[in-house]
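Everything in the sequence shown is counted per UniProt numbering, starting at 1 for the first residue and increasing by one. Each residue gets a CB set at the ideal place from its N, CA and C atoms; glycine is no exception.
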Amino acid sequence: MGLARLIVIEGPDLGAEFDIPMRGGGIGRDPRGVVRLSDPSVSRAHCAVEFRNGALFLIDSGSRNRTLVNGAAISVHRFEAGDVVAVGSTRLAYVPTAEAEAEAAAANRGRPSAHGRVTAELRSRELWQMRLPDALAQGPEARARRQLAALAHLGDELRHLDDRAQLDRVACAAVRDALAAERAYLLVPDGAGRLQVRAVAGVGADAQRPAPALAHSFLDKVVREGKAVALEDGGVAAVAAPLFGAGHEAPVALVYAERGEAGRASFDTVDILALGCVAHVVSAAQVSFDARAALAVENRELSEQLGGRAFVGSSPAAETVLRFVSKVGPSEATVLLTGESGSGKEMVARAIHDASRRASAPFIAINCAALTETLIESELFGHERGAFTGASERKAGRFELADKGTLFLDEVGELPLSCQTKFLRVLEEQVFERVGGGRTIAVDVRVVAATNRDLPSMVRQGRFREDLYYRLSVIHTVVPPLRARTSDIPVLAEHFLARFRKQVARRVAGFSPEALAALTRHPWPGNVRELRNAVERAVVLGEGPWILPAHLPPDVLAAGAAPPPPAGLVSAPALPVDPAAAGPGASIGGGELGANAAPGWGEGVSEGGPGAAGAAGARPLRELEREGIIAALQATGGNKVQAAALLQIDRSTLYKKLKDYDISL
């Protein structure tokens, strides 16, 4: 019997088997070859098999139809079990014989070679298949295979992840598999130093159980000494290891695993070593994710500094707008955008400009509602020196400034009738005269207009020219309100946070889950503009690394009030780590973070969560609102006008609340 066989699995010779001797031979229609095929699409000498250095190689003979192995064209390929060779319309499976390994070893025995010889092989995809059928099999070899397989599988998963939450889940699964644990958790401290469950892996519903009470020194030792530690207490075997961030000497998170089944072995030094290896890999992956996220924020901020303000969103409603932008952007047509105030019409206009051939030219915006009737014509068309009282210098209008680019007219419904005729002429002829001037100026300007008014109704009432309306609405779309795309609220909030966090000295890591939930539940009558203002207020008035519900405007809290979330999975006292390095999640336990050193761990770990802690410590809205007003007054130095603007309420409302809450600063 030869070293291997090639079996035809597709083609005219289906089912034929050919032994491959050590001397090798040709493959094709040549009757002298070791593999003789009748397929007319196969060359006479298509390819050949050769035995080199103890292995079989497939070599293409320069055939016109090429030789493929596993779908890829080859010139020289070393055979491996499972390979599929394609020649013409014929496909052959490569199957080594039982004697092949022994013969190859005999051929290599004692052979001197400058290149050495192969002593063992293992495909990458077979690494995580090393586990025995019984994942809990005992014995040093079985455990080593299981732990190495878990590490290999973790490495393979990390190549495909693009989400931090996925990384957390994969990390827990790797810990569970490597240690044959019942459950594995990834724990992080919140802003107050309390441990929270960010991810869990386990068997069935057991994964949702709270962890049992632990000795108070257990997690304390992991945190203080930065070591992986194993413990057995009350029939429960547990082990934990720290996760470190870039530049952090103290752990930023923990991975924890437990076994509670009677008769199961405790965790030992080998298990601690395996857990430490998983923790190091996960720590490196988390640092990489954080670096990529920081780079993305930096790129976005740089783009904004250069003038790019893309329409942000991935909801179905936002995708509809973005498809509209991609279609109309390259055209030269006038566009009319309608929708509620603050819905992002200017952002859509900028996106249209950026998608046009005019992207490198100016984008000039003007709000028609912000100018008086006597000034708007001068702003649009410019004026000559002496055209009117106060016109001491010649001034170029917005049309001139937007030459070769795009002019965005916001609130075009507020354009006075006296100005509409001249505006229509510019749209149709692209020429105008400055106020007080006689020279005709030609421009090349694309106009994008926006309004929250009902222009057809205004046309019927004689308040807006019908011909101008039809000229503006060559292409028309409605920008959806924020309440129609609530899934975009977290994305928009993070977008504005990246812009405003540069205005404060403290590090602002992000929003707590409760704050994001409150933002998502609010109806946002002021749309994107209101959300932007709320985020700016929270950044300016907030304290600590995380934006909490108490930092949001009172009306957002009132609209976003909801019952507390279900209890978390694990509860533990405070971690002595930098809370700025931790992310918010499911709350667990109590304890305060020491100013300079970690406090003791109290009496151990108790069940609890955001529901358990929040229900006992819930504060009335009046108290939160009063604190918000005091913070606004302090931030503005007692200026009530500025405080009212910061709180997004009328001055009369502020004065009433100052009286109601007996506030005097």
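Item: Report the rounded CA-to-CA distance for Leu56 versus Ala180, giving the unit in angstroms.; Value: 40 Å
Item: On the DSSP bridge assignment, give the partners of Pro96 in chain order.; Value: Ala4
Item: How long is the line joining the alpha carbons of Ala395 and Leu407, rounded to whole angstroms?; Value: Reading off the sequence, residue 395 comes out as Lys, not Ala. Cα to Cα, the separation comes out at about 17 Å.
Item: So, are the CB atoms of residue 666 and Ile9 less than 9 Å apart?; Value: Residue 666 lies beyond the range of the chain shown here (1 to 665); nothing can be said about it.
Item: Keeping to the same chain, check which residues put their C-beta closer than 6 Å to that of Ala73; ignore five residues upstream and five downstream.; Value: Arg66
Item: In whole angstroms, what separates the C-alpha of residue 689 from that of Arg357?; Value: Residue 689 falls outside the range modelled here, since the chain spans only 1 to 665, and no answer is possible.
Item: By the 10 Å Cβ neighbour count, where 16 or more other Cβ atoms means buried, how is Ala442 classified, buried or exposed?; Value: exposed
Item: Using a threshold of 9 Å, state whether the C-beta atoms of Asp168 and Ala199 are closer than that.; Value: yes
Item: Here's the rule: buried if 16 or more other CB atoms are within 10 angstroms of the residue's CB, otherwise exposed. What is Gly202?; Value: buried
Item: If you compare alpha carbons, which of Ser41, Ser283, Phe18 and Pro549 is closest to Leu12?; Value: Per the sequence presented here, residue 12 reads as Pro, with Leu not at that position. The shortest C-alpha separation from Pro12 is found at Ser41.
Item: Bridge partners of Val76, per DSSP?; Value: Ile59
Item: According to DSSP, is Glu393 part of a helix, a strand, or is it coil?; Value: coil
Item: At which residues does the alpha helix (DSSP H) containing Asn533 begin and terminate?; Value: Asn527 to Leu541
Item: Going by beta carbon distance, what residues of the same chain come within less than 8 Å of Ala616, once the five residues before and after it are set aside?; Value: Low confidence applies to Ala616: its pLDDT is 38, below 50, so where it sits in the model is not reliable, and the reading given next is rough at best. No residues qualify anywhere along the chain.
Item: If you run the structure through DSSP and keep just helix, strand and coil, what is Thr269?; Value: helix
Item: Looking at C-beta atoms only, is the number of pairs between the stretch 465-472 and the stretch 421-435 that lie closer than 8 Å three or more?; Value: yes
Item: Which residue comes first and which comes last in the alpha helix (DSSP H) that contains Phe423?; Value: Leu417 to Glu429
Item: Counting only runs that start and end within the stretch 338-381, where is the alpha helix (DSSP H) found for 4 or more residues in a row?; Value: 345-354 and 373-381
Item: For a test of the three-state rule: what should DSSP assign to Pro549, helix, strand or coil?; Value: helix
Item: Smallest Cα separation from Gly386: which of Val282, Gly436 and Trp524?; Value: Gly436
Item: Helix, strand or coil for Phe244, going by three-state DSSP, please let me know.; Value: coil
Item: Going by Cα to Cα distance, which pick from Ala644, Val556, Asp271 and Glu627 is closest to Glu543?; Value: Glu627
Item: Expressed to the nearest angstrom, what Euclidean distance is found between the alpha-carbon atoms of Glu258 and Arg159?; Value: 28 Å
Item: For Gly24, name the three-state secondary structure that DSSP assigns.; Value: coil
Item: By DSSP, does Glu332 sit in helix, in strand, or in coil?; Value: coil
Item: Is the stretch 481-494 close to the stretch 454-463, with three or more CB pairs under 8 Å?; Value: no
Item: Name the two residues that bound the continuous beta strand (DSSP E) containing His476.; Value: Ile475 to Val478
Item: Which residue marks the beginning of the beta strand (DSSP E) containing Pro189, and which one marks its end?; Value: Arg183 to Pro189
Item: Taking the alpha-carbon positions, what's the Ser38 to Asn53 distance?; Value: 32 Å
Item: How would you label Leu186, buried or exposed, when you count the other beta carbons within 10 angstroms and need 16 or more for buried?; Value: buried
Item: Going by DSSP, what residue range makes up the alpha helix (DSSP H) through Ala517?; Value: Pro513 to Arg521
Item: In whole angstroms, what is the alpha-carbon distance linking Glu384 and Thr334?; Value: 28 Å
Item: For the beta strand (DSSP E) holding Val448, just list the boundary residues, first then last.; Value: Arg446 to Thr451
Item: Tell me which residue opens and which closes the beta strand (DSSP E) that Phe496 is part of.; Value: Unbroken run through Phe496 is the alpha helix (DSSP H), Ile489 to Phe500; no beta strand (DSSP E).
Item: Counting only the same chain and skipping the five closest in sequence on each side, list residues whose C-beta sits under 7 Å from that of Arg209.; Value: In this prediction, Arg209 has a pLDDT of 49, which is less than 50 and means its spatial position is unreliable; what the coordinates show is noted afterwards. Here the set comprises nothing.
Item: How many angstroms separate the CA atom of Ala291 from the CA atom of Asp163?; Value: 13 Å
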